[in-house]
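Below you'll find the structure, written out as C-alpha cells, and then a few comments.
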Amino acid sequence: MRATMQNVPLSLNHFLERAGKLFPRTEIVSRMPDKSYVRHTYADYYRRTRQLASALLAAGLRKGDRVATLCWNHHAHLECYLGTPAAGGVMHTLNLRLSPDEIGWIAGHAEDRFLIIDDILLPLYEQFKALHRFEKVIVFPFSGAPVPAGFVDYEQMLREAPADFEYAAHDENDPIAMCYTSGTTGRPKGVVYSHRSTVLHSLVAALPDQSALSNQDVVFPVTPMFHANSWGIPYISIMVGAKLVFPGPHLHADDLLDQMQVDPPTLSLGVPTIWLTLIQNFEANPGRWKLPAGMRSLVGGSAVPESLIRAFARHHILIKQAWGMTETSPMATMAYQKAELAGQTEDEAFARMAMQGVPVPLVDLRIVGESGDECAWNNKDVGELQVRGPYITGSYHNVERDPEKFTDDGWLRTGDVAAVDEYAYVRLSDRTKDLIKSGGEWISSVDLENAIMAHPAVAEAAVIAVSHPKWAERPLACVVCKPGQTVDTATLREFLASRFARWQVPDAYEFIDAIPRTSTGKFFKAKLRERYADWQWPA
Ligand code: ADP
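To convert, count from 1 in the sequence shown and add 108; that's the working numbering.
Below, the structure written as C-alpha cells:
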C-alpha cells in the first residue's frame, strides 16, 4: 500500500508567500544607527525580498552559490534570510565580532561569491578584503549616507530588479543557509541548513512547550542573526506572521530597555550575559523604565543561572532556558514545567528551569559514559551528550568526517558533558574543554558559577581549572562584583560551603573588572585560562 499524500517539498518559499499574503499589515521594526526606528510591513517585506531574489539572479547567482551577509539585526538582513534561498542561493551569515583574519578565512573556506554588508561595517570589510575576493560587494545604506563608489547599492539594486521573478526550482534537501560555529573551543566549522531542516526546526521550535511563538507575538531578537541564525527565530516569526522588532547595532542594556518602551516585546531572546546586565541596569535605575510584564525570554548559548531566572520572575518575566548548538539548528532541549511535576515546590520548579531542559520533538538524545556505554537517566551518571535528528548536522562543510565529532552510528558528539534526570531534564555540567579534574574527581564549573552568581554582591562569575601540584587541577573563581559592592574570599567560601562538598569549593579567587566575552557574548573561559596559566599557589 502507498500513502496517498502529495509529495510537496518543504520550502522556505512557502513561508515567504504566507507572510506576504496572510499578514501584509504586520510590522517589522528596525533600529537604525542614529537610534531612530524604521517601520516596514510584511507586504513591504514580501515585495522587497522577492526583488532581492530577482536582483541576485540578474547578478548571475547560480544554484548553491553563497551570498555572505555582514549585518546587524534589521529588516534588510531578514530579506537576505528568505531572498537568498528564493533565488536558489545559500545565505552565509558572517560574524562581525570575529577578527578580520577569522572573517576572511571563513569567507574563503565557504567560497562566498557575493557579500551583502551594512555600510557602517565597511571599515571592517577593508581589514579582511585582501583575504577573500567577493565578486560583488552589495552595500546596505543602513546609516542613510550615499553608498561609496565601487560598491553595489542594495536599495538601487532592489529598485532595478527585474519584475518577472520566479522561485528557483528546488528539492527540500537543497541548502539555504550556512553558519560557522563561533569557535569558542576551536577552528570554526561550517554547518549547512536545508529547506527541510529549517522548516522542521521552525515547526518544532514554535510549539507551546518551546517558544510558543504565535501570530500574537512581538518578537525582539537580541541574539545576533549571525549566531545560529538568531536561533531560528526569524524563520519562525515569518512562518506565523509575528511582529518583529530588531535592535540594529544598539545592544547596550540601556538601549534595549529604551527600545522595549517603544515596542514592548512579548518574546525576546539573548545569551545570559545580556540579560544579566539588563536586569542590573534596570534595578539600579528605579522608575526609568518598565519591563514588559508577561514577556517570555528564551535564553541559552551558555548556562542560565537560577538567580537570573528568579530575578526576572520577580518582574513577571518567564526565562526559558534552551540548549543547542550551531550544529543543532539550534534548539535541541528546552526547559519548561512538565505536567508530571505539578506537585513540586517553587524551589524545585526554579531548579528545573535552571536545567537545560527536555529534548524537543524530533531530537534523540543520549549520554555516553567514559566506558562507551549509555548512562541511565538518574541525574547522577555523567557523560558526553550526543544527539541525532533531521535538523542536526551530520557533517561539516568541506571537512573530512571527524570521529571526534560524529559516532560510527551517526550521532553528533556535542562536546558537552551532562546527566539526565528521571523526568528527562538534561543537566549540563560542562563543556569537555572546561572540565576541572581535581584529585581524580570532576568538578562542574557551571554549578559553581551559578552558585557564586546567586550571591547578592556578585554580578558575574566564571570558574576555570588551574594546575595544582597535589590535586592536578583546582577551580579558580573569577568574580566580578556589582558596582559599589564587594565580597571577600572567606564570605564566598562560606556561601558555597552549604551547597558543595568541601573539596569542590574553590580555594582560589580573582576579583576582576569584567569577564572577557566571546564573539557571541559568552564568557570566554579560554581567555581566562590563558591569563591565569601561570597561577601560583601560596607555598
Ligand atoms: P560555540 O561552540 O563556538 O560557542 P555555539 O553557539 O554553537 O558555538 O555553542 C554551542 C555550545 O554552547 C553548546 O555546545 C554548549 O556548550 C553551549 N550552550 C548552549 N546552550 C547552553 C545552555 N543552555 N547551557 C549551557 N551551555 C549551553
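Glycine is no exception: its CB is placed at the ideal position from the N, C-alpha and C atoms.
Once the 5 residues before and after Lys-244 are set aside, which same chain residues still bring their CB inside 7 angstroms of it? Ala-167, Phe-222 and Val-260
Below 8 angstroms, can you find three or more Cβ-Cβ pairs linking the segment 185-195 to the segment 154-171? yes
In the DSSP assignment, the beta strand (DSSP E) including Ile-475 goes from what residue to what residue? 472-476
So is the beta-carbon of His-148 under 7 angstroms away from any non-hydrogen atom of ligand 1? no
Count the other C-beta atoms from every protein chain shown that fall within 10 angstroms of the C-beta of Glu-391, then say buried if there are 16 or more, exposed otherwise. exposed
With 16 other Cβ atoms within 10 Å as the buried cut-off, status of Asn-393: exposed
Measuring alpha carbon to alpha carbon, tell me which residue in Trp-611, Ile-572, Arg-582 and Arg-607 is nearest Ile-623. Ile-572
Which same chain residues end up closer than 7 angstroms to Val-255 when comparing Cβ atoms and leaving out the 5 residues on each side of it in sequence? Asp-227, Val-247, Pro-249 and Asp-261
Pull up the distance between the alpha-carbon of Ser-322 and that of Pro-132, whole angstroms please. 16 angstroms
What's the call for Ser-251, buried or exposed, on a 16-neighbour Cβ count within 10 Å? Here Ser-251 is exposed: its Cβ has fewer than 16 other Cβ atoms, across all protein chains shown, within 10 Å.
Simplified DSSP assignment, three categories, for Phe-514: The answer is strand: DSSP assigns Phe-514 an E or B state.
If you drop the 5 nearest sequence neighbours on each side, which residues of the same chain put their C-beta closer than 6 angstroms to that of Gln-77? Residue 77 is absent from the structure shown; the chain starts at 109 and stops at 647.
Below 7 angstroms, is the gap between the Cβ of Gln-429 and the nearest heavy atom of ligand 1? yes
Limits of the beta strand (DSSP E) - the one that Glu-492 falls within: For Glu-492, the uninterrupted beta strand (DSSP E) run begins and ends at 491-496, by DSSP.
Any non-hydrogen atom of ligand 1 within 7 angstroms of Gln-494 CB: no
Closer than 8 angstroms, CB to CB, is Asn-323 near chain D or not? The structure shown has no chain D; it contains just one protein chain.
Assuming Ile-214 and Pro-296 form a contact by the criterion Cβ under 8 angstroms, report the distance between their Cβ atoms to the nearest whole angstrom. 6 angstroms
Quick test of your reading: Asp-371 and Val-327, contact by CB under 8 angstroms. State the CB separation rounded to the nearest angstrom. Not quite, the Cβ-Cβ distance comes to about 10 angstroms (not below 8 angstroms), so this is no contact.
Classification of Gln-367 by the beta-carbon crowding that lies within 10 angstroms, buried from 16 upward: buried
In chain order, what residues of the same chain have a beta carbon less than 8 angstroms from the beta carbon of Ser-302, not counting five sequence neighbours either side? In chain order, Glu-280, Asn-281, Asp-282, Pro-283 and Ile-284 place their CB closer than 8 angstroms to the CB of Ser-302, counting only its own chain and leaving out the 5 sequence neighbours on each side.
C-alpha gap between Thr-331 and Leu-377, whole angstroms: Looking at the backbone, the Cα of Thr-331 and that of Leu-377 are separated by about 6 angstroms.
Along the chain, where does the beta strand (DSSP E) containing Thr-329 start, and where does it finish? Checking the sequence shown, residue 329 turns out to be Pro, not Thr. Per DSSP, Pro-329 belongs to the beta strand (DSSP E) from 326-329.
When burial is assigned at 16 or more other CB atoms within 10 Å of the CB, is Thr-134 buried or exposed? By the 16-neighbour rule on beta-carbons within 10 angstroms, Thr-134 is buried.
If you run the structure through DSSP and keep just helix, strand and coil, what is Tyr-301? strand
Could you please give me the residues that DSSP links to Trp-431 through a beta bridge? Thr-441
Starting from the Cα of Gly-340, find the closest Cα among Leu-359, Ser-207, Leu-365 and Ser-305 and give me that residue. The candidate whose alpha carbon is nearest that of Gly-340 is Ser-305.
Using a Cβ-based criterion (distance less than 7 angstroms to any ligand heavy atom), does Thr-501 qualify as near ligand 1? no
Alpha-carbon spacing of Val-300 relative to Met-286, whole angstroms: 4 angstroms
For Pro-467 versus Thr-501, is the C-beta distance shorter than 8 angstroms? It is not a contact, given that the beta carbons lie outside the stated cut-off.
Report the start-end ranges of each alpha helix (DSSP H) in the segment 368-395 that is 4 residues or longer and not cut off at the edges. 380-392
Given this structure, state the Cα-to-Cα distance separating Phe-242 from Ala-218, to the nearest angstrom. 11 angstroms
Output the distance between the C-alpha atoms of Ile-382 and Thr-628, rounded to the nearest integer angstrom. 10 angstroms
Reduced DSSP category for Met-463 - H, G, I as helix; E, B as strand; rest coil: coil
Please specify which runs of the alpha helix (DSSP H), each continuous and at least 4 residues long, are wholly inside the segment 202-283, giving them in chain order. 208-218, 230-236 and 262-267
What residue does the beta strand (DSSP E) around Tyr-617 start on, and which one ends it? 616-619
Alpha-carbon spacing of Asn-389 relative to Thr-540, whole angstroms: 33 angstroms
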